[in-house]
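Working notes, structure below.
Chains as they are written, first to last, in UniProt numbering: chain A, 1 to 198; chain B, 1 to 198.
Below you can see the structure in the form of structure tokens.
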């Protein structure tokens, strides 16, 4: 089974953050073996994450599942999970450790973004297509994951998530993508700063 | 058991390559679980790989073993494996898929580097400390690995290498470091070119 996990790296420390760039990392596991690691840079609070995620997905085909660690990356740069599903015909599972609070998200978008409606529409699309947020217990001793499913039943998604979660409650493709994205962010920022200051 | 694998990424495509930079990636596995991924940039054909590897090692302590995919990185940028062992008191195993050909290396160094003696001294140091190159069969159906050991017996090193080799004949810390370094090199070069051309 080929699963792609997509996660983001750290936000740059310098402010204002908006307009700066952060890492988006994809890790492809083939029967739990890491076979591919890819990265793209995305704009903090930008709207290029769907396009960049598509580039990563395309290079990782064939895939049985795309696993997103949320739909907001590098601030409020949203990945349109429905578009990924439609474009590649690969089911998408959004799995968050924190319970999504869409009311808080809507109010933050309205407060900080003039294009808040475009961003909110992506979130709504995902909510509609996924038929709600499910609490999934991947390990009896752990807190639940909050899961949205597109193009796959929640039952099947639960089965896969339990199988691919080894450490804590983070499915391996997301756990590994997260470690790589966080671990490589400092080198990425150092390099950017170096060239910016020339 | 905590093992750090260190590998390099792709060489930049633009020529001349010397003076350009490439990625050095470290992956720490704790009982086969990826717990840390770190990167540094090193100069192609430079002499900063030992210092950069030391930075990675320091952040990954405590460690039971350091595993290098060779001692030449990004061209002829050498990691002084003996220095790593002395500095951190952690055994070092150098494991290559290709049989090291030191005569060819010496002649290439003499041909292309005015400081070839300094570079050759590092290679000699490793040869002396490691007491020769051992052929290790990690899997009966695979070609051998060529292994040098510093601060650890070849018997113990063989035992560990067999345990941590799951796919092909590349021990997992090196296999994963390699995939990450190769996978992230394009994003790294894109970024560098972008800022260089400004």
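From the three backbone atoms N, C-alpha and C, an ideal C-beta is built for every residue, glycine too.
Here residue 34 of chain B is actually not in contact with residue 53 of chain B; their C-beta atoms are around 19 Å apart, not less than 8 Å. Assigned with DSSP and collapsed to three states, residue 13 of chain A falls in coil, not helix or strand.
With a contact defined as Cβ atoms closer than 8 Å, residue 5 of chain B and residue 186 of chain B miss out at about 21 Å.
With contacts defined as CB atoms closer than 9 Å, residue 42 of chain A and residue 8 of chain A qualify as a contacting pair. Taking a C-beta distance under 9 Å as the contact criterion, residue 93 of chain B and residue 160 of chain B qualify as a contact pair. Looking at the backbone, the Cα of residue 105 of chain B and that of residue 89 of chain B are separated by about 28 Å. Here residue 39 of chain A is buried, its C-beta having at least 16 other C-beta atoms within 10 Å. The C-alpha of residue 72 of chain B is placed about 28 Å away from the C-alpha of residue 177 of chain A.
Judged by their CB atoms, residue 113 of chain B and residue 48 of chain B are not nearer to each other than the 9 Å cut-off.
A contact is defined here as three or more CB-CB pairs under 8 Å, and the segment 136-156 of chain A meets this definition with respect to the segment 95-105 of chain A.
Residue range 116-130 is occupied by the alpha helix (DSSP H) that includes residue 123 of chain B. Just measuring C-alpha positions, the residue of B:122, B:86, B:85 and B:84 sitting nearest residue 102 of chain B is B:122. For residue 22 of chain A, the enclosing beta strand (DSSP E) begins and ends at 21-30. In the DSSP assignment, residue 72 of chain B is bridged to B:78. Scanning chain A for C-beta atoms nearer than 8 Å to the C-beta of residue 69 of chain B yields nothing, as the closest lies near 16 Å away. Under the three-state reduction of DSSP, residue 5 of chain B is assigned to strand.
If you draw a straight line from the Cα of residue 131 of chain A to the Cα of residue 3 of chain B, it comes to about 44 Å. Close to residue 180 of chain A, with beta-carbon spacing below 7 Å, are these residues of chain B in chain order: 37 and 180.
With respect to the C-alpha of residue 158 of chain A, the residue from A:86, A:67, A:100 and A:62 having the closest C-alpha is A:67. Around the CB of residue 19 of chain A, fewer than 16 other CB atoms lie within 10 Å, so the residue is classed as exposed. The beta carbon of residue 11 of chain A does not come within 9 Å of any beta carbon belonging to chain B, so the residue lies off that interface. Excluding five sequence positions before and after residue 62 of chain A, the CB atoms of its chain that fall closer than 7 Å to its own CB belong to 2, given in chain order. The continuous beta strand (DSSP E) containing residue 39 of chain A extends over residues 33-43. The three-state reading of DSSP puts residue 47 of chain B in coil, since its state is none of H, G, I, E or B. The beta carbons of residue 32 of chain A and residue 164 of chain A sit about 7 Å from each other, so the pair counts as a contact at 8 Å. Residue 20 of chain A is outside the set of residues whose beta carbon lies under 9 Å from a beta carbon in chain B. Residue 167 of chain B and residue 28 of chain A have their alpha carbons spaced roughly 15 Å apart. Membership of residue 133 of chain A in any alpha helix (DSSP H) is not indicated, and neither H nor E is assigned to it by DSSP. Against chain B, a Cβ distance below 7 Å from residue 34 of chain A picks out 176 and 179. For residue 153 of chain B, no beta strand (DSSP E) segment is defined, and its DSSP state is neither H nor E.
Taking a beta-carbon distance threshold of 9 Å, residue 188 of chain A counts as an interface residue toward chain B.
Among the bridge pairs identified by DSSP, residue 94 of chain B is matched with B:68 and B:148. For residue 184 of chain B, the nearest CB of chain A lies under 9 Å from its own CB, placing it at the interface with that chain. Contact annotation: residue 100 of chain B and residue 138 of chain B have beta-carbon atoms that are not nearer than 9 Å. CA-to-CA, the gap between residue 124 of chain A and residue 81 of chain A works out to about 11 Å. Against residue 116 of chain B, chain A offers no close residue; the least beta-carbon distance is about 30 Å (beta-carbon pairs closer than 9 Å).
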